[in-house]
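A.B. asks: Protein chains in written order, with numbering that gives the first Met the number 0: chain A, 0 to 219; chain B, 0 to 219; chain C, 0 to 219; chain D, 0 to 219.
No residue lacks a Cβ here, since even glycine has one placed at the ideal position from N, Cα and C.
These numbers were taken from a predicted model, which means no experiment stands behind them.
Mind looking over this structure? Questions follow.
Protein chains: 4
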Amino acid sequence: MNVKLIGYTSNPEKLPAMAATLTHSKIKPENLNKLSEKEQSAVLEQVIKLRHTSVIEHASFTFAISDVSRSLTHQLVRHRIASFSQQSQRYVNLNEPNYVVPPSISKNKKTKKAYDDTMETIWNHYNTLLEMKIPAEDARYVLPNATQTNIMVTMNARSLLNFFELRCCLHAQWEIRMLANKMLREAKKVAPRIFQHAGPSCQTKRICLEKKKDCPLYPK
Amino acid sequence: MNVKLIGYTSNPEKLPAMAATLTHSKIKPENLNKLSEKEQSAVLEQVIKLRHTSVIEHASFTFAISDVSRSLTHQLVRHRIASFSQQSQRYVNLNEPNYVVPPSISKNKKTKKAYDDTMETIWNHYNTLLEMKIPAEDARYVLPNATQTNIMVTMNARSLLNFFELRCCLHAQWEIRMLANKMLREAKKVAPRIFQHAGPSCQTKRICLEKKKDCPLYPK
Amino acid sequence: MNVKLIGYTSNPEKLPAMAATLTHSKIKPENLNKLSEKEQSAVLEQVIKLRHTSVIEHASFTFAISDVSRSLTHQLVRHRIASFSQQSQRYVNLNEPNYVVPPSISKNKKTKKAYDDTMETIWNHYNTLLEMKIPAEDARYVLPNATQTNIMVTMNARSLLNFFELRCCLHAQWEIRMLANKMLREAKKVAPRIFQHAGPSCQTKRICLEKKKDCPLYPK
Amino acid sequence: MNVKLIGYTSNPEKLPAMAATLTHSKIKPENLNKLSEKEQSAVLEQVIKLRHTSVIEHASFTFAISDVSRSLTHQLVRHRIASFSQQSQRYVNLNEPNYVVPPSISKNKKTKKAYDDTMETIWNHYNTLLEMKIPAEDARYVLPNATQTNIMVTMNARSLLNFFELRCCLHAQWEIRMLANKMLREAKKVAPRIFQHAGPSCQTKRICLEKKKDCPLYPK
C-alpha cells in the first residue's frame, strides 16, 4: 500500500483561521490576510477545542493511493463527503495477478502458500475466460476482493477528521485502518495544528463509539 | 436479481406540486393541501418540462435489492446523494457459493461450465482458509466480484433521475443497467408523472453524454 | 410560526430496523418484512444506543413551515443534508407588512410600539419604491430580516437528529430553537422510537458542545 | 462588492488530469506526476468536452467576498456542495448603515435619495432598539435585506461549473450574477483550461434552462 499526499489547499491552516475570525468580526475577509502566525494558532486551537469544525472545510487534501484491495475501496467510497477517481476494471486489463495479502494469512507459511495458490488459480481462470472471448468487464467477475487497485481521493479537513475517527479505530477493518493511519501521518505534515489530536473517538472525545469494553484503548 | 420498492414518501407527487406552488405564491404551505388533482398534474408537468427538479427532492424512494454482485454494489455506492445499508462480508459467513453469472458467459455452455468450475474452486479455497482459522473478514479476500450481496438504497426523486440518466444508458455496465431499469419500473408505479420521461440522456435531453455515434439510440 | 409534518416515509421505523438487520444477516431484504414489532423495537433501540445512525437515513420527513422570519430561513438553509423550497421574494409581491416579533421586543409595550412603527415605516418605503416602478426584486432590498416567509423542508432522520442537537440547544437563536422544538414534537408522533431521546447534545450525549458552564442545562 | 480568490488546491489542473488518466490506465498514481504539460492539456480538454467532470472535483477554490447583501448570501448558501463561513449578525454589532444599492435604484437620483433615506431611518430604529436594551440578535430583525455582509466560500471545480451555469445566466438575480461573473474571472486565472468554456447553459450546452425565448442570448 502506497499513500501519498499529492495536492492540498494552499495555506491549509490560514484559511480556516481567517474564516473563524470573519464570522465574529467586522474585518473584511480581504484584510484577514494580515493575521499573524500567533493569532492564527490561537484561533485554530479554539476552533479545534470547541469543535467548531465547519471552518476547516475550507482546506482540502488529495491522496494518491495504490496497491490496495477492492475490499478496501468498496468501504472507502462509502464516505460521501469526498471525491474519488478509481482505476476501472471495465477498461483496464488486469491479466497479471496483483493482490493484497492479509497479515493473518501472510504470517503463516502454510496459509500464505494456500492463499497464493488460490490467487494463481483464479488468474488462470480469468485469463482462460479472456481467451474464450469473454469481454474483460465480464471476465473480471471471477477476480477476488484482494485484487489490487489504485484510487485518488480528496476530502476536506472536516470530513477527514470524521474519517479518522471511524477508521483509525482498532475495531475498523485492518486494511482501511492502515490506510487511515498513513493518510493521517501525511496530513499532519502540512496541517499539524488541525490534525494533531485527530484519531479514533476514544482519543478525540474519550468515548468508544463501538462500546467495546474489552478494547485495550477503551477510555478509562 | 430482485428489486422491490419497500417504502417511499407518502404523496410522492403531491409534495413536489405543493413545493413548486409555494415558491411562487402567497398561499401558506398548510393550505397547499387543497390543490386539486388537476392542478397538481399541471404544476408537475411544468416542473419536469423546465427541469426545476429541486422540488422533487421532497419525495424519497427505498429499494430492497438482493442477489446482485459486489461489482454492482461497488459502482452503486459511488452515488453520493443516496443512503445505503449493505450486507457485511465481515460479519456474515458466506460459505455457500452464491454468485452472479454475466449473460455473455451463461449464453454458452462451455463458458458457463468454466465459470461454474471457477466458482466452485474459489469457494473451496475460501472454506479451506476458514478451516485454517483465518477469520471470515480476511478469508473473504479470495471471494470474487461475482459474490452475491444484498443492499437497501434510498434516493430522492431528483437523485434517481440522475441515476437513471447515467445507468439506463446502453453504455452502462449490464448489471447496473438491469438494476436501474428495474428500479425505474418500480418508481413509475407510484410516481408516474415524475418518472414518465425518465431514462438515459438520449431520451430525456436528446443528447448522448458518451458521444457514442455508433449507439443504436444515438439521437438523430 | 406554524409547523406541520405534511409527509414522511411510510414505515419510518420499520425500514431502519430492516436495514440494520440486513447488514448483519443472510436474510434477503424482501423477507425482512416479516420482522415482528418486538424485533423491530429491539433492533432500533440498539441502533440508537450505539449511534449506528446510518440506517435511519432511510426515513425522511417533510415539514411545511409558515410565518417565520428570513433571519430564521437564512440559518435553516445552511443545513446541507436537506431539501428546501422557499417562497421567492423575487416573484411574490409582499406589499402588506407581515413580520415576526422577537419575544424580547413584544414583552414590553414601549419596545413593541417602536418595533411596529419601524415596520410600518419600512413597508411604506417599500410600497413607495414599487410606485416609482422599481421592480419587486429590487424594492425588497429594504425589507427587514423580520419579513415573514414560508418554506418546505425535507430531512432524513439522521440529519434531523443532528439538526435537533444543534438547534434545540438553549444557546441557539430563539426562533430557530422554537422551530426545532416544534419539528421534534411532530417527528416524535410518527417515529417515537427514533426521536424519543433526540434533543441538544447535553441531553443526548451529556456533553455541552458550546462549553457553556453557566447554562442551566450544563451536564453535571 | 469585492471578490478575491484567497486559496485553492495546488496544481488545480494537474490533479484532475492525473485522476482522469488513473481511471483508464495501469500507471500508479504516484507516477502520474510525470504527465507532460501537453499530455495534461489533452486529457483535460477531453474531460471538459465529454463532461466527465467528476475528476475536476479534486480541485477546490476559496473566495473572500465582502460588501454583498444578505439577499445575495441567502441565495448563495442554497448551494449545498460548498463550504461557507459568514459574518454573524448575532455577534457582530452593525450600528453603522452599510448597505447595497441595486442599480435600478442608483441610476435615478430620486429613487436613490428615497432609498438612502429609508436606510437612514431603518438604522436609526435599529440603534434606538439597542439603546432600549434589546439584544443585537433581536434588534437586527429590523435590518434590511440590503445590509452588507462578508462571507468566505469554498467550492470544488465541478460545483463551480454548476454554479456558473445557473448564476451567470441573464435571468439570474443581478447581484448574484455579478458575483458569479467575478468569481469566474478569478477562477479562470488559475485554472484556464477548466473554466475557459464555463458560463450559463446557453453558452456551455446551447440550451436555455429557463426556456426564455425572448432572451438576447437564447441559443439559435
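May I have the straight-line CA-CA distance separating V67 of chain D from A190 of chain A, to the nearest angstrom?
C.D. replies: Distance between the alpha carbons of V67 of chain D and A190 of chain A: 31 angstroms.
A.B. asks: From T61 of chain C to E185 of chain C, what distance separates their C-alpha atoms?
C.D. replies: Near 10 angstroms, if we compare the C-alpha coordinates of E185 of chain C and T61 of chain C.
A.B. asks: Measuring CB atoms only, is the segment 68-81 of chain B touching the segment 18-33 of chain B, in the sense that at least three cross pairs come out at less than 8 angstroms?
C.D. replies: Because the criterion of three Cβ pairs below 8 angstroms is not met, the segment 68-81 of chain B and the segment 18-33 of chain B do not touch.
A.B. asks: Considering only their Cβ atoms, is the gap separating I5 of chain A from I193 of chain A smaller than 7 angstroms?
C.D. replies: It is not a contact, given that the beta carbons lie outside the stated cut-off.
A.B. asks: Beta-carbon within less than 8 angstroms of Y125 of chain D's beta-carbon, same chain only, minus the 5 sequence neighbours each way: which residues are those?
C.D. replies: Within the same chain, Y125 of chain D has close Cβ partners L93, N94, A138, R139, V141, L142.
A.B. asks: 7 angstroms is my cut-off, CB to CB: does M131 of chain C come that close to chain D?
C.D. replies: At least one chain D Cβ lies under 7 angstroms of M131 of chain C.
A.B. asks: Taking all protein chains shown into account, do 16 or more other C-beta atoms lie within 10 angstroms of the C-beta of Q39 of chain D, making it buried, or fewer, making it exposed?
C.D. replies: When all chains shown are included, Q39 of chain D counts as buried.
A.B. asks: Can you tell me which residues form a DSSP beta bridge with E105 of chain C?
C.D. replies: Sequence check: residue 105 of chain C is Ser here, not Glu. Paired residue(s): none; S105 of chain C is not in a bridge.
A.B. asks: Going by DSSP, what residues sit across from I150 of chain C in a beta bridge?
C.D. replies: C:I64, C:Q85, per the DSSP bridge assignment.
A.B. asks: Identify which residue in B:V42, B:L21, B:V152 has its Cα closest to the Cα of Q86 of chain B.
C.D. replies: Of the candidates B:V42, B:L21, B:V152, the one whose C-alpha sits nearest the C-alpha of Q86 of chain B is B:V152.
A.B. asks: Below 9 angstroms on C-beta distance, what does L169 of chain D contact in chain B?
C.D. replies: Correct list: empty, because the minimum Cβ distance to chain B is about 16 angstroms.
A.B. asks: Between the segment 52-74 of chain C and chain D, which residues of the former have a C-beta closer than 8 angstroms to a C-beta of the latter?
C.D. replies: Taking 8 angstroms as the Cβ-Cβ cut-off against chain D, the residues of the segment 52-74 of chain C that qualify are S68, R69, S70, T72, H73.
A.B. asks: Quick check: is any heavy atom of the ligand ATP less than 6 angstroms from the C-beta of N32 of chain A?
C.D. replies: By its list of ligands, the structure shown contains no ligand whatsoever, and the ligand ATP lies outside what it can speak to.
A.B. asks: A18 of chain B CB to nearest chain C CB: under 7 angstroms?
C.D. replies: Yes, because at least one Cβ of chain C sits closer than 7 angstroms to the Cβ of A18 of chain B.
A.B. asks: Under DSSP, the beta strand (DSSP E) around N1 of chain D begins and ends at which residues?
C.D. replies: Segment 1-7, the beta strand (DSSP E) holding N1 of chain D.
A.B. asks: Count the other CB atoms, across all protein chains shown, that sit within 10 Å of the CB of Q147 of chain C; report buried if there are 16 or more and exposed otherwise.
C.D. replies: By the neighbour-count rule (16 or more Cβ atoms within 10 Å), Q147 of chain C is buried.
A.B. asks: Please report the distance separating the alpha-carbon of F83 of chain C from that of K204 of chain C.
C.D. replies: Taking the straight line joining both Cα atoms gives about 29 angstroms.
A.B. asks: Could you check whether the Cβ of S35 of chain D sits closer than 7 angstroms to any Cβ belonging to chain A?
C.D. replies: No - not a single Cβ of chain A is within 7 angstroms of the one on S35 of chain D.
A.B. asks: Take the Cβ of P199 of chain C as the centre, count every other Cβ of all protein chains shown within 10 Å, and call the residue buried at 16 or more, exposed below.
C.D. replies: When all chains shown are included, P199 of chain C counts as buried.
A.B. asks: So, under 8 angstroms CB-CB, A171 of chain D and L165 of chain D are touching, yes? Tell me the CB distance rounded to an integer number of Å.
C.D. replies: Yes, A171 of chain D and L165 of chain D are in contact; Cβ-Cβ is about 7 angstroms, under 8 angstroms.
A.B. asks: Can you list the residues of chain C that L208 of chain A reaches, using a CB-CB cut of under 7 angstroms?
C.D. replies: In chain order: R50.
A.B. asks: Could you have a look at Y125 of chain D and say whether DSSP puts it in helix, strand or coil?
C.D. replies: Three-state DSSP puts Y125 of chain D in a helix.
A.B. asks: So for P143 of chain D, helix, strand or coil by DSSP?
C.D. replies: Strand.
A.B. asks: V91 of chain A: which of D:L159, D:S24, D:E174, D:M177 sits nearest, CA to CA?
C.D. replies: Nearest option by C-alpha distance: D:S24.
A.B. asks: Nearest-angstrom Cα distance between Q45 of chain C and K3 of chain C?
C.D. replies: Cα to Cα, Q45 of chain C sits roughly 29 angstroms from K3 of chain C.
A.B. asks: For K112 of chain A and T120 of chain A, I'd like the C-alpha separation in whole angstroms.
C.D. replies: Distance between the alpha carbons of K112 of chain A and T120 of chain A is about 12 angstroms.
A.B. asks: Starting from the Cα of V42 of chain D, find the closest Cα among D:P11, D:A19, D:R50 and give me that residue.
C.D. replies: Minimum Cα distance to V42 of chain D is reached at D:A19.
A.B. asks: If we count the other Cβ atoms within 10 Å of its Cβ and call it buried at 16 or more, is Q88 of chain C buried or exposed?
C.D. replies: Buried, since its Cβ has 16 or more Cβ neighbours within 10 Å.
A.B. asks: By a C-beta neighbour count over all protein chains shown, 10 Å radius and 16 as the cutoff for buried, is N123 of chain A buried or exposed?
C.D. replies: Label assigned to N123 of chain A: exposed.
A.B. asks: Looking at chain A, is there any beta carbon in it that lies within less than 7 angstroms of the beta carbon of N10 of chain D?
C.D. replies: True, the Cβ-Cβ gap to chain A drops below 7 angstroms.
A.B. asks: Kindly identify the DSSP beta-bridge partner or partners of Y98 of chain B.
C.D. replies: For Y98 of chain B, which the question treats as bridged, DSSP gives the partners B:T146.
A.B. asks: Which of the three DSSP states, helix, strand or coil, is assigned to S70 of chain B?
C.D. replies: It is helical.
A.B. asks: What residue from A:L49, A:K13, A:R50, A:I47 has the CA that sits closest to L34 of chain A's CA?
C.D. replies: Measuring from the Cα of L34 of chain A, the nearest candidate turns out to be A:K13.
A.B. asks: Skipping 5 residues on each side, what residues in its chain have a beta carbon closer than 7 angstroms to that of F163 of chain C?
C.D. replies: Result list for F163 of chain C: A179, L183, A197, G198, in chain order.
A.B. asks: Answer with buried or exposed for S158 of chain D, where buried requires no fewer than 16 other C-beta atoms within 10 angstroms of its C-beta.
C.D. replies: By the 10 Å Cβ count, S158 of chain D comes out buried.
A.B. asks: In whole angstroms, what separates the C-alpha of A63 of chain B from that of C207 of chain C?
C.D. replies: Cα-Cα distance, rounded: 39 angstroms.
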